[in-house]
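Here's the structure, in structure tokens; my notes come after.
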């Protein structure tokens with residue numbers, strides 16, 4: 001969590017100006033996922049169900065009428081419906097991975113012959129999803145049509161919908177999303193909080209916008225803005241034309257946004273059904289992650305996000321409202337800004353699973369990919385909540401062209417293979433390019449601290465198995481900062497004796513999960529002794545002793561009533577089997593001295609063994625035994 | 001955990017006799033998983049590396065020489081090595097699923113044209129793995145050869161090994177495993193504890209065995225014993241011939257085992273490297289699950305297992321020793337007996353991933369499938385420990401032939417789709433048969449109690465969304481049974497007032513995880529108030545109050561010293577923000593009355609709302625508003 005704070009400090013009310021080519025600046029996002037089911041499909045449509053025979057010699061597609069069995073969704077919970085996906089990149093690949101667990105058949109349309117989803121899908125039709133003839137042909141072969149990329153031929157989708165093809169989400173949604181300006185107009189009509197924006201058609205208009213919104217002025221192209229491309233910043237009126245040229249000129253369709261002085265950029269995946277009140281109630285939402293973006297490409301995603309409950313609620317409300325205004329089913333990713341004054345503003349929505357949700361594969365009960373399939377097929381939604389306490393996803397971006405890039409990526413993967421809780425995803429793209437998303441690594445663990453440590457070892461050149469010399473050997477924890485004036489005496493003693501220690505506030509009552517993860521991870525972090533202080537109903541020392549095999553020293557802190565008797569008794573009267581070594585009320589000095597004695601004892605034992613080991617090596621075992 | 005105890009009670013020193021056709025008896029297993037890496041492969045072998053181009057029109061296999069890049073494992077951590085698997089059933093399918101995440105190519109050899117792994121592998125060679133010509137042809141196309149079924153043509157494997165083909169595990173291991181008698185001879189030579197056994201060649205020999213071992217006498221066939229078929233029991237000397245005939249006669253190769261009066265049957269997945277001391281130290285082991293077998297087919301697997309630390313250690317030692325005696329890499333499943341007198345005996349070993357390990361896909365940091373791939377490819381092993389607190393796997397076995405069987409399976413899946421934490425796996429077998437493994441459902445959750453409840457709702461005919469009328473509304477918990485004489489007064493009061501309550505022993509210090517899951521799940525289970533009693537350093541009420549939004553009433557229990565003052569202060573002196581309503585020392589009666597008042601208040605409020613709702617319906621909103 002400390003690294004998040006560092007990121008926050010880097011962003012103030014006056015953020016450093018973004019150059020026209022965005023440099024590597026750190027932004028933090030948080031993500032919110034919601035999905036809702038959609039009423040079961042109407043099977044009395046023109047769709048024909050496709051039965052695919054995929055042998056190792058041929059992959060011919062037979063178009064068939066639905067069998068009586070296929071139309072009976074009441075009986076058959078795992079539908080025979082073929083899911084068609086426009087696009088076969090890594091998102092499509094991961095949709096196929098999720099589908100294969102339940103033997104759901106996914107076919108893809110993608111112009112690249114060897115795209116990430118090719119080897120995992122049931123059938124890959126090679127062709128552009130921007131070509132109406134392809135899309136029409138493709139639609140005949142699936143029962144429901146969805147997208148993994150929003151830049152598809154939406155006019156054809158609308159035509160197909162009129163003919164009865166089931167598109168999820170609906171073509172109207174994709175049309176709105178494709179044009180970022182139209183998107184904002186749509187959301188502002190639905191009273192969703194946005195940064196101020198306006199269209200600009202010429203230099204006059206841009207100057208007026210600059211006067212209105214101030215500088216720096218964010219200039220964006222309306223369409224085909226992808227992964228950061230399509231934005232440019234004018235730091236002053238003089239820079240407007242430069243920025244506009246970088247985006248291809250006014251004719252491309254541009255608009256401007258008022259700079260939102262945000263402290264956090266948030267991502268939310270959200271889908272609310274608007275069709276069936278029954279299903280609307282199955283909407284589930286959870287704030288799950290924050291992410292950092294390098295050069296505006298999603299780079300690191302952390303989950304859960306460290307935001308207040310109030311902000312969570314606000315973000316959830318904005319996201320749900322935004323998605324409720326869109327038609328159709330599926331998982332939506334909603335990107336939000338959190339401003340310095342606590343406002344939540346919508347940035348943009350993606351009508352599909354998203355990079356920020358890859359971690360859900362390992363960290364959540366239902367991944368965003370499985371959830372998307374459930375939603376578009378009309379199945380009940382799964383439980384999207386996290387099943388592991390913490391997760392970090394790291395994108396494997398190409399760091400060089402061609403072979404050298406593969407070498408670097410493989411070094412990274414080699415390190416990941418040795419890190420506990422690390423899962424490697426490789427998208428099998430034959431061509432390595434700089435900044436290209438080639439794969440990702442997800443780290444999970446029992447606390448964000450541990451997962452961040454794992455990320456650190458992933459990114460460092462060597463895995464340092466040995467604890468660094470100054471890693472803390474004693475942990476000093478207390479339930480409240482009001483205990484610090486007392487507990488500092490322990491820290492002082494340890495410093496005098498050169499025993500590295502850490503000091504933390506960990507409340508058994510207010511932050512029980514943090515206490516749990518502190519206690520259960522202390523030993524593996526190299527802590528040898530824990531000093532725990534608390535006042536009143538002092539449960540911290542005892543609970544920590546229950547959760548770690550390390551020795552725990554308890555310091556009763558005197559509160560304003562009862563002279564510390566309550567905490568003394570709460571700490572010392574531990575039942576048989578779970579001891580806490582208790583010192584006198586407020587006597588953190590003695591706690592420190594006791595810790596020094598324990599740590600020194602361990603050191604002595606260790607040194608003994610090392611000395612003996614040296615002797616054995618030197619003398620040989622026969623002489624050693626004689627002596 | 002209660003249900004495990006019930007199972008144990010069903011098995012005593014004199015287990016009910018098993019009929020020749022095993023009936024549905026409940027046995028509990030526990031599982032232990034260990035895997036160790038293997039030194040990197042020697043690439044200067046005769047193997048040619050296969051580069052497969054899989055397009056949607058053809059799947060021709062080009063056999064190529066290894067490129068310079070392919071032989072350099074130091075640089076490339078995700079090997080280009082193609083993994084060949086003999087067998088393409090669901091185990092092969094799940095190996096392919098794991099492989100696809102890392103874009104590892106898996107090819108399979110299986111006689112069935114449409115086997116579970118067909119659609120997920122890189123290439124499916126249709127042919128029997130019992131046919132030497134097939135296996136030789138297949139081996140040319142992969143870099144390492146492994147199995148998902150042990151009944152393969154081992155003579156051919158041995159021949160291929162001599163030619164330099166990399167088989168993991170080694171052919172010698174498969175030869176030993178294939179013959180259950182030979183297996184036992186091998187393990188007994190390595191001083192691994194086994195039930196007594198001997199070969200029988202005729203009726204005289206069988207009678208001698210019966211005199212020696214006693215009855216019931218377990219008769220087994222040496223080879224091709226699979227999923228329970230190949231065992232028969234003679235309850236007396238008179239029944240010997242009947243049992244032998246059921247197994248096909250002495251000529252098939254039979255042996256007998258002394259009946260092991262076990263209380264638990266355990267499964268362990270274990271692989272220790274014998275080649276490279278460096279890798280031997282990377283062996284990791286964990287006791288993870290117990291399973292119940294219906295008709296000797298693996299049916300339900302629960303993880304982690306509820307066994308003592310001592311038993312865990314014993315089982316781990318036996319399993320590791322057993323696998324150390326076998327050559328080659330991979331994941332091994334070791335089945336063990338736990339006898340009534342605490343002994344651990346080896347039953348048998350499978351040289352591959354196993355049904356009992358399916359749950360690892362969702363519940364562990366590294367699944368058994370990913371681990372097997374890492375092991376056979378010479379990659380570092382992953383972390384096999386559980387990442388979720390509890391998991392249960394339920395096999396979807398065919399319950400009828402053909403269409404009716406599919407209907408039943410789909411009903412089950414329909415229920416699973418609505419259960420939180422449930423993951424559905426369907427093996428895509430075109431033919432439904434009774435008792436056939438068609439898929440499985442894995443349930444995960446924050447405690448075994450919760451997961452068992454989820455299993456219960458999976459298997460019941462209806463999902464009962466409403467709490468049944470007698471579901472407990474008050475939870476009475478205490479840290480120790482020595483508190484029961486005091487706490488029973490609360491239970492009495494609640495019974496008098498007809499408020500359904502549950503009574504549990506939950507120790508904050510001895511069972512912190514259980515306390516955590518009790519407190520965090522109480523509300524969703526319908527509990528309205530919690531009464532918590534404890535003596536000494538009484539942390540239970542305060543910690544529970546920190547973990548649930550429900551009101552908590554604390555009862556200080558007087559221990560042998562200090563007249564209860566210690567527990568009174570430990571309970572009552574809670575800090576601001578986390579209140580516990582404390583009653584007088586030992587006054588559980590008052591706690592009960594307080595709980596009644598709280599529960600009644602909630603009932604009154606609820607009734608109020610129901611009455612108002614009825615009125616609104618009856619009068620209509622206009623009249624309602626006027627009134």
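Chains as they are written, first to last, in full-length UniProt numbering: chain B, 1 to 627; chain L, 1 to 627. Heads up, the beta-carbon is just placed ideally off N, CA and C, and yes, glycines get one too. Computed from a predicted structure; not experimentally measured.
Quick one: which chain L residues come within Cβ less than 9 Å of residue i?
i	result
residue 510 (chain B)	546, 575, 577 and 578
residue 259 (chain B)	Within chain L, no residue comes near residue 259 (chain B); the closest Cβ sits about 39 Å away, beyond 9 Å.
Can you say whether residue i is buried or exposed, counting buried as having 16 or more other CB atoms within 10 angstroms of its CB?
i	result
residue 326 (chain L)	buried
residue 417 (chain L)	buried
residue 570 (chain B)	buried
residue 619 (chain L)	exposed
residue 366 (chain L)	buried
residue 80 (chain B)	buried
residue 518 (chain B)	buried
residue 625 (chain B)	exposed
residue 284 (chain L)	Confidence at residue 284 (chain L) is low in this model, with a pLDDT of 36, below 50, so its placement is unreliable and the value that follows should be read with caution. Answer is buried; the Cβ neighbour count reaches 16.
residue 238 (chain B)	exposed
residue 395 (chain L)	buried
residue 241 (chain B)	exposed
residue 621 (chain L)	exposed
residue 134 (chain L)	buried
residue 236 (chain B)	exposed
residue 471 (chain L)	exposed
residue 498 (chain L)	exposed
Going by Cα to Cα distance, which pick from the options is closest to residue i?
i	options	result
residue 369 (chain L)	L:92, L:154, L:81 and L:163	L:92
residue 98 (chain L)	B:106, B:487 and B:362	B:362
residue 311 (chain L)	L:82, L:341, L:301 and L:323	L:341
residue 129 (chain L)	L:214, L:149 and L:207	L:149
residue 459 (chain L)	L:409, L:505 and L:472	L:409
residue 183 (chain B)	B:153, B:220 and B:158	B:220
residue 232 (chain B)	B:223, B:247, B:222 and B:224	B:247
residue 535 (chain L)	L:483, L:522 and L:210	L:483
residue 568 (chain B)	B:606, B:581 and B:577	B:581
residue 527 (chain B)	B:199, B:127, B:598 and B:299	B:598
residue 442 (chain L)	L:424, L:431, L:428 and L:453	L:424
Can you pull the chain L neighbours of residue i, defined as C-beta to C-beta under 7 Å?
i	result
residue 242 (chain B)	Ordered by position in chain L, no residue passes the 7 Å Cβ test against residue 242 (chain B), which lies about 42 Å from the chain.
residue 100 (chain B)	97 and 120
residue 372 (chain B)	By Cβ distance, chain L contributes nothing, its closest Cβ being about 15 Å from residue 372 (chain B), past 7 Å.
So which residues on chain B does residue i lean against when the C-beta distance must stay under 8 Å?
i	result
residue 571 (chain L)	537
residue 380 (chain L)	417 and 418
If the cut is a Cβ gap below 8 Å, which residues of chain L does residue i touch?
i	result
residue 586 (chain B)	Simply none; closest approach about 16 Å.
residue 425 (chain B)	101 and 102
Original post:
When you check each C-beta in the segment 384 to 396 of chain B against every C-beta of chain L, which residues fall closer than 7 Å?
Top reply: 387 and 388
Original post:
Listed from N- to C-terminal order along the chain, which residues in the segment 531 to 555 of chain L have their beta-carbon within a distance smaller than 7 Å of any beta-carbon of chain B?
Top reply: 536, 537, 539, 542, 543, 546 and 547
**OP:** Return the residues of the segment 401 to 421 of chain B that lie within a Cβ-Cβ distance of less than 7 Å from chain L, sorted by chain order.
**Re:** 407, 410, 413, 414, 417, 418, 420 and 421
**OP:** Please list the residues of the segment 183 to 209 of chain B that have a C-beta atom closer than 8 Å to any C-beta atom in chain L, keeping them in chain order.
**Re:** none
Subject >> Residues of the segment 347 to 369 of chain L whose Cβ lies closer than 9 Å to any Cβ of chain B, in chain order >> reply: 361, 362, 363, 365 and 366
Original post:
Going along the segment 102 to 118 of chain L in order, which residues come within less than 8 Å of chain B, judged by CB to CB distance?
Top reply: 102, 103, 113 and 118
Original post:
Can you list, in chain order, the stretches of the alpha helix (DSSP H) that have 4 or more residues and sit fully within the segment 571 to 620 of chain B?
Top reply: 588 to 619
**OP:** Taking only runs that begin and end inside the segment 89 to 121 of chain B, name each unbroken alpha helix (DSSP H) of 4 or more residues, in chain order.
**Re:** 90 to 101
Subject >> Contacting positions in the segment 431 to 450 of chain L - beta carbon closer than 9 Å to chain B >> reply: 439, 444, 445 and 446
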